[in-house]
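Have a look at the structure below, then the notes.
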Amino acid sequence: LILITDLNLTTKEGNWIEKEALRIGAKLQLLDHHATGASAAERFAWYKLDTTRCATLITYDWLQTHHGFDKQNDLAHIVKAINAIDIWVSDDALFEYGKVMLGMISGAREIGRVLFPAEDRAFKLSMIEAAKNLVDEEDAPIKLDDALHQTKKAFFIQEKNDTKDNLVASYVTNLLTQDKQRLTITYKGHKGILGYNVGNASIIGNASMVANEDYDFYMDVNFRGNFSLRSNNKLDVSAMAAHIGNGGGHVNASGGKIEGYKDSFVYADVRQFVQEYIDAKCKEA
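Take the position in the sequence shown, starting the count at 1, then add 536; the result is the number in my numbering.
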């Protein structure tokens with residue numbers, strides 16, 4: 537089964553994916569709530585369109601009907617809260633709770649979803665689980681809002697309690713260290729760890745350099761091509777920033793911007809682009 541949710545396709549895209557599903561012998565089901573998908577919904581039997589409910593509620597109901605999902609209805613109130621905020625049913629009793637949940641998930645940027653998708657998903661699911669446990673309480677929106685900081689810390693605590701920033705830095709640094717072979721780039725023979733949209737370079741970048749003495753620099757690039765560089769007296773990253781990105785800064789902390797940066801939702805493509813960009817800059821020198 538190929539299940540697609542919350543996505544409106546053109547008829548051309550629908551024809552393509554229908555042919556691909558037939559080619560591999562898979563069933564196809566699309567659940568959508570965008571009115572712009574009306575033409576495709578009329579064309580394809582597998583395209584279910586319902587503009588009165590959000591995609592989460594449509595998917596939840598479909599899974600319950602066809603796959604016996606959540607037989608105890610443990611997620612029913614959470615799903616209704618999501619529906620209320622998604623399609624803006626402001627008079628719904630769960631609207632304010634949905635509003636807090638929306639901010640909770642949209643603001644969950646501690647783990648890069650492109651760099652570490654499985655861990656990012658686990659983090660967000662842990663917050664949804666916490667939200668599920670509070671939804672029926674009195675003043676639930678306020679209680680959830682008050683609990684968010686502790687809920688986040690609970691996910692990141694490993695051996696002992698600390699500030700949230702330090703806990704996140706330790707967690708992400710461990711991920712970077714464990715996966716550093718996949719994240720490795722080079723500059724003039726120097727090895728570096730390349731992050732993507734990690735943020736907080738002052739803490740995470742420096743922690744990564746301390747934890748990985750066999751590496752010379754840490755680089756974090758965002759979706760606009762802006763980058764931060766950190767080192768631990770292994771490489772003058774201010775000179776590197778000036779060379780590859782018309783940037784600058786300090787010997788161990790600097791930044792710049794990649795010209796003509798091409799973004800991607802696939803980390804391997806980001807790493808390849810950055811490495812080829814660095815190689816091209818080195819050949820110019």
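From the three backbone atoms N, C-alpha and C, an ideal C-beta is built for every residue, glycine too.
Mind checking who residue i pairs with in its DSSP beta bridge?
{"i": "Thr722", "result": "Lys727"}
{"i": "Asn762", "result": "Lys793"}
{"i": "Leu684", "result": "DSSP, once it has assigned bridges, lists no residue as partnering Leu684."}
{"i": "Thr541", "result": "Leu567"}
{"i": "Tyr813", "result": "Tyr813 pairs with nothing; no bridge assigned."}
{"i": "Tyr530", "result": "Past the boundaries of the shown model lies residue 530; the chain is included only from 537 to 821, so the question cannot be answered."}
Rank the options by C-alpha distance to the C-alpha of residue i and give the top, closest one.
{"i": "Leu661", "options": "Val734, Cys818, Lys688", "result": "Lys688"}
{"i": "Ile641", "options": "His602, Asp628, Ser626, His685", "result": "His685"}
{"i": "Gly561", "options": "Ala576, Leu537, Ala571, Asp568", "result": "Leu537"}
{"i": "Lys584", "options": "Asp568, Asp701, Leu599", "result": "Asp568"}
{"i": "Gly648", "options": "Val615, Ala667, Val708, Lys668", "result": "Val708"}
{"i": "Asp656", "options": "Val704, Leu680, Val625", "result": "Val704"}
{"i": "Arg645", "options": "Asn758, Trp598, Asn782, Asn768", "result": "Asn758"}
{"i": "Thr798", "options": "Ser626, Gln808, Asp752", "result": "According to the sequence displayed, residue 798 carries Lys and not Thr. Nearest of Ser626, Gln808, Asp752 to Lys798, Cα basis: Gln808."}
{"i": "Ala654", "options": "Ile678, Leu711, Phe631, Leu599", "result": "Leu711"}
{"i": "Ile594", "options": "Ser575, Gly725, Asp628, Leu543", "result": "Leu543"}
{"i": "Glu673", "options": "Gly639, Leu630, Lys724, Ser800", "result": "Leu630"}
{"i": "Asn702", "options": "Ile740, Asp815, Ile794, Ala777", "result": "Ile740"}
{"i": "Val806", "options": "Asn788, Asn762, Ala571, Ser790", "result": "Asn762"}
{"i": "Gln565", "options": "Trp624, Phe580, Tyr751", "result": "Phe580"}
{"i": "Ile721", "options": "Asp752, Asp698, Ser626", "result": "Asp752"}
So for residue i, helix, strand or coil by DSSP?
{"i": "Thr547", "result": "helix"}
{"i": "Gly791", "result": "strand"}
{"i": "Gly604", "result": "coil"}
{"i": "Asp756", "result": "strand"}
{"i": "Asp805", "result": "helix"}
{"i": "Asp622", "result": "helix"}
{"i": "Tyr565", "result": "It is Gln, not Tyr, that sits at residue 565 in the sequence shown. Strand, per DSSP."}
{"i": "Lys716", "result": "coil"}
{"i": "Gly648", "result": "coil"}
{"i": "Tyr751", "result": "coil"}
{"i": "Leu585", "result": "strand"}
{"i": "Gly784", "result": "strand"}
{"i": "Glu674", "result": "coil"}
{"i": "Gly634", "result": "helix"}
{"i": "Cys590", "result": "coil"}
{"i": "Thr709", "result": "helix"}
{"i": "Gly639", "result": "helix"}
{"i": "Thr699", "result": "coil"}
Give me, in chain order, the residues of the same chain whose beta-carbon lies closer than 6 Å to that of residue i; leave out the 5 immediate sequence neighbours on both sides.
{"i": "Gly731", "result": "Asp756"}
{"i": "Val719", "result": "First, the amino acid is wrong: residue 719 is Leu here, not Val. These residues qualify, in order along the chain: Ile729, Leu730."}
{"i": "Thr541", "result": "Leu567, Ala591, Thr595"}
{"i": "Gly573", "result": "Asn544, Leu585"}
Going along the chain, which residues of its own chain have a beta-carbon closer than 7 Å to the beta-carbon of residue i, five neighbours each way excluded?
{"i": "Gly634", "result": "Ala617, Ile618, Ala620, Ile621"}
{"i": "Ala676", "result": "Tyr633, Leu670"}
{"i": "His786", "result": "Ser774"}
{"i": "Asn748", "result": "Thr713, Lys716, Ile729"}
{"i": "Gln600", "result": "Asp606"}
{"i": "Asn650", "result": "The question names Asn, but residue 650 is Val in the sequence shown. Taken in chain order, the residues that qualify are Tyr732, Asn733, Phe801, Tyr803."}
{"i": "Asp815", "result": "none"}
{"i": "Ser575", "result": "Thr547"}
Who are the Cβ neighbours of residue i in its own chain at under 8 Å, not counting the five residues just before and after it?
{"i": "Met637", "result": "Ile614, Ala617, Ile618, Ile621, Ile664, Ala667, Leu680"}
{"i": "Lys700", "result": "His685, Lys688, Lys689, Phe692"}
{"i": "Lys817", "result": "His779, Ile780"}
{"i": "Lys793", "result": "Arg760, Gly761, Asn762, Phe763, Gly781, Asn782, Gly783"}
So is the beta-carbon of residue i under 7 Å away from any non-hydrogen atom of the ligand HEM?
{"i": "Gly728", "result": "No copy of the ligand HEM appears in this structure; indeed no ligand is present at all."}
- Is the number of C-beta pairs between the stretch 550-557 and the stretch 597-608 that are closer than 8 Å three or more? Touching, no.
- Task: Spell out a yes or no on whether the stretch 577-592 and the stretch 615-625 are touching, meaning 3 or more CB-CB pairs, one atom from each, closer than 8 Å.
- Result: They touch, by the three-pair rule.
- Message: Using 8 Å as the cut-off, can you tell me whether the stretch 693-711 makes contact with the stretch 770-782, which would need three or more C-beta pairs spanning the two stretches below that distance?
- Response: No contact exists between the stretch 693-711 and the stretch 770-782.
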